[in-house]
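Colleague: First the structure, then my questions, so here it is.
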Amino acid sequence: MRDFNFLADDTLVDALLAEIAGLMENLAARNISGSIDLLGLPLSAACLALLEQRLGTGEITATLTAAGSSEIRETSFSGVWWSSHADETGRIVAMLIDVALVPEILKANTDDVRLSHRRLLDATGSFPHRRSA
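Under my numbering, the first residue of the sequence shown is numbered 141, with each subsequent residue one higher.
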């Protein structure tokens with residue numbers, strides 16, 4: 141007897157992979173990033189596992205610890221990232237497929253860079269001037 145739940149999961153994963161391919165085309169051709177909210181879709185645990193298996197694992201993993209924890213993993217497809225975000229109790233509150241050169245959550249905020257620059261200067265005093273050659 142055929143397992144129709146698996147068939148449904150396989151069909152949903154194929155549809156998601158087609159959507160990811162469209163997002164990748166936008167990224168490659170127009171440098172436009174996109175994402176898919178996996179928790180906003182009616183996906184079973186088996187479907188998520190199948191999607192994760194089909195996307196594979198890449199070379200980069202980043203872990204963030206701010207208001208909970210986040211893990212951002214590159215898939216085996218360059219520019220396709222699997223991100224999961226948990227609250228302080230460890231409950232997954234967001235799960236995304238990001239199609240981007242670098243996921244937005246990993247980019248430094250310009251205001252934060254300015255504040256950090258000021259903190260570094262304050263902590264070290266002014267740096268010596270460079271001598272001209």
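Here a beta-carbon is modelled for each residue, glycine too, at the ideal position from N, C-alpha and C.
From a predicted model like this one, the values you see are computed outputs, not experimental measurements.
1. With a threshold of 16 other CB atoms inside 10 Å of the CB of R259, please say whether the residue is buried or exposed.
2. How would you write the range of the beta strand (DSSP E) that D251 sits in, first residue to last?
3. Within 10 angstroms of its Cβ, does E228 collect 16 or more other Cβ (buried), or is it exposed?
4. State the Cα-Cα distance for the pair L156 and D150, rounded to the nearest angstrom.
5. Three or more beta-carbon pairs under 8 Å between the region 240 to 249 and the region 162 to 177, yes or no?
6. Helix, strand or coil, according to DSSP, for V233 in the structure here?
7. Which runs of the alpha helix (DSSP H) spanning at least 4 residues fall entirely within the region 170 to 240, listed in chain order?
8. Between S209 and W222, what straight-line distance do the alpha-carbon atoms span, to the nearest angstrom?
9. CA-CA distance, I232 and A226?
10. Please return the same chain residues whose Cβ sits closer than 6 Å to the Cβ of S175, not counting the five positions on each side in sequence.
Modeller: Taking the coordinates as given:
1. What you label residue 259 is simply residue 119 of the sequence shown in a count that begins at 1. By the neighbour-count rule (16 or more Cβ atoms within 10 Å), R259 is not buried but exposed.
2. For the purposes of this step, residue 251 is identified with residue 111 of the sequence shown, where counting begins at 1. No beta strand (DSSP E) contains D251, which is instead part of the alpha helix (DSSP H) from 250 to 264.
3. Taking the first residue of the sequence shown as 1, we reach residue 228 at position 88. Under this definition E228 is an exposed residue.
4. Taking the sequence shown and counting its residues from 1, the one referred to as residue 156 is at position 16. Taking the sequence shown and counting its residues from 1, the one referred to as residue 150 is at position 10. Computed Cα separation, rounded: 10 Å.
5. yes
6. Taking the first residue of the sequence shown as 1, we reach residue 233 at position 93. Strand at V233.
7. 185 to 195
8. Against the sequence shown, residue 209 aligns to sequence position 69. Against the sequence shown, residue 222 aligns to sequence position 82. Rounded to the nearest whole angstrom, the CA to CA distance from S209 to W222 is 14 Å.
9. Taking the first residue of the sequence shown as 1, we reach residue 232 at position 92. Taking the first residue of the sequence shown as 1, we reach residue 226 at position 86. Answer to the nearest angstrom: the Cα atoms are 4 Å apart.
10. One-based indexing of the sequence shown puts residue 175 at position 35. Here the set comprises L236, D238.
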